[in-house]
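**Q** Handing you a structure now.
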Amino acid sequence: ELIKTILTCVHVDHPPEVGQHAESAVAACVEEFEGNIPNAVLDELLMPVGSGPVTYVIDPKSKENPPAQIQQTNPSYLVAAKVLRKTEDKISSPIANLLNGIFSGDPK
Numbered sequence: 190e191l192i193k194t195i196l197t198c199v200h201v202d203h204p205p206e207v208g209q210h211a212e213s214a215v216a217a218c219v220e221e222f223e224g225n226i227p228n229a230v231l232d233e234l235l236m237p238v239g240s241g242p243v244t245y246v247i248d249p250k251s252k253e254n255p256p257a258q259i260q261q262t263n264p265s266y267l268v269a270a271k272v273l274r275k276t277e278d279k280i281s282s283p284i285a286n287l288l289n290g291i292f293s294g295d296p297k
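Heads up: the sequence shown is residues 190 to 297, going by this note's numbering.
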């Protein structure tokens with residue numbers, strides 16, 4: 190829950206330091222795991238990456254009905270991608286195992 194909260198609360202309007210602190214906090218959480226990293230943690234890190242670097246939000250200035258959407262940077266993606274790069278040595282094998290399990294139909 191902590192990782193999910195941190196990743197979803199980072200906003201494009203926050204100063205860059207907020208993203209850096211979020212990255213450090215999530216990376217520290219990942220580094221604390223001894224042995225296997227739980228799939229729930231991997232899911233929370235991979236979901237923003239799967240969403241991509243750009244997201245669409247409702248334009249607050251839009252007078253249209255339904256309101257127009259605008260493209261903006263996805264800060265959750267940026268933080269998650271940086272955490273994955275920073276913790277690559279620790280997280281690459283668990284991610285490979287998760288993906289292999291998904292593709293082979295293994296529910297673990």
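Cβ atoms here follow ideal geometry from the backbone N, Cα and C, with glycine treated the same way.
What would DSSP say about VAL230, mapped onto helix, strand or coil?
**A** Here VAL230 sits in helix by DSSP.
**Q** Going by the beta-carbon positions, is the gap between VAL238 and GLN261 smaller than 9 Å?
**A** No, the pair does not count as a contact, with Cβ atoms beyond the cut-off.
**Q** Helix, strand or coil, according to DSSP, for THR197 in the structure here?
**A** Three-state result, THR197: helix.
**Q** Taking the alpha-carbon positions, what's the PRO220 to LYS275 distance?
**A** A quick correction: the sequence has Glu, not Pro, at residue 220. Between GLU220 and LYS275, the C-alpha separation is close to 10 Å.
**Q** Cα-Cα, which of ILE192, LEU231 and HIS203 is closest to GLU277?
**A** For GLU277, the nearest C-alpha among the options comes from LEU231.
**Q** Which one or two residues does DSSP pair with GLN209 in a beta bridge?
**A** GLN209 pairs with nothing; no bridge assigned.
**Q** Smallest Cα separation from VAL268: which of PRO283, GLU212, HIS203 and PRO205?
**A** Answer by Cα proximity: GLU212.
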